[in-house]
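In the numbering used here, the protein residues as written are -14 to 196.
The structure under discussion appears below in the form of structure tokens.
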Amino acid sequence: MRTRRSIGLIFGIFLTVIAGCIWPFVAVSSLAQASHVEQFQSIAIECLGDVPAELDAFELSGPDRMPFIRTGLIGFWLAQKKSVYDGIEEVNGAESTHLALLRYDIERAGVEYGKSSSGFIERNVYMALRYELNGPDGEVLSISTCDRSLSDTLSTNLAKLYNDDRFSETNVEPENRSWLKKVIQPAVVIGAAALGTALFFNLRSDRADGG
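See below:
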């Protein structure tokens, strides 16, 4: 009877350790989170999306830096049936003359990583924009700055996949932790806890059998 109980105990501990090893990879495969680029685009839309709310057509001017910001903004406004001229090519039939002009500049932008644990890491995407909206006659309709950030928890594997070396703002390496620390150490902790619990109940069972 005791031999069977010991075999079951060992098998249970083995399964627990295996589960601890594969869980980080299972968790990663089940995630569908925004990339760094998508987070930057979300901030830009939050800051500038409603600025030309009263306009049906306007011209957009922005820096060459982080061109995906301009792409995200134009896509957002086109979905609202607005005509946009981006300073490079005509979009949705807009004429570049006699239009209001929305100009923006990127004051700062980046991705920061915080604490990491069990295959996950804290991510903070931040960006500050300065913008000015001028009417067709050059009159300043709106001028302001917008400083926003988005924070979440990201798997370390996704953090590496989201790096894009074309843009310094999206090419940030999380703290390099060895495979031993990321996978084996959590599994050992789980296994030790399971072993302690199993031994406790096994000891109680032996005492009960002896009594």
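C-beta: ideal position from N, C-alpha, C; glycine also.
- DSSP places L146 within a helical segment (H, G or I) once states are collapsed to three.
- If you look at T130, you'll find it in the beta strand (DSSP E) that goes V125 to S140.
- For E44, DSSP records a beta bridge to Y70 and L86.
- Listed in chain order, the non-local C-beta contacts of Q26 below 6 Å within the same chain comprise G57, local neighbours out to five positions each way being set aside.
- Taking the Cα of P37 as reference, the smallest distance to any Cα among D150, Q24 and L126 is reached at L126.
- If you check the CB distance, T130 and R115 come in under 7 Å.
- Taking W62 as the centre and dropping the five residues before and after it, the same chain places the C-beta of V69 closer than 6 Å to its C-beta, in chain order.
- When secondary structure is reduced to three states using DSSP, F105 falls in the strand class.
- The C-beta of A144 has 16 or more other C-beta atoms within 10 Å across all chains shown, which makes the residue buried.
- Counting other Cβ atoms within 10 Å of its Cβ, P48 stays below 16 and is therefore classed as exposed.
- Residue environment for H83: exposed (fewer than 16 other C-beta atoms within 10 angstroms of its C-beta).
- For G57, the secondary structure class from DSSP, reduced to helix, strand or coil, is helix.
- For the 7 Å CB-CB criterion, Q24 and V157 do not form a contact.
- Sequence-distant partners of L45 (beyond 5 residues in either direction) whose C-beta falls short of 6 Å from its own C-beta, in its chain, are V69, D71 and L87.
- Per DSSP, N156 has no beta-bridge partner at all.
- In the three-state reduction of the DSSP assignment, V36 falls in the coil class, being assigned neither a helical nor a strand state.
- Ranking M51, S101 and E31 by CA distance to the CA of V22 puts M51 first.
- The residues Q24, S27, I28 and V110, in chain order, have a CB closer than 7 Å to that of L135 in the same chain once the five nearest residues on each side in sequence are set aside.
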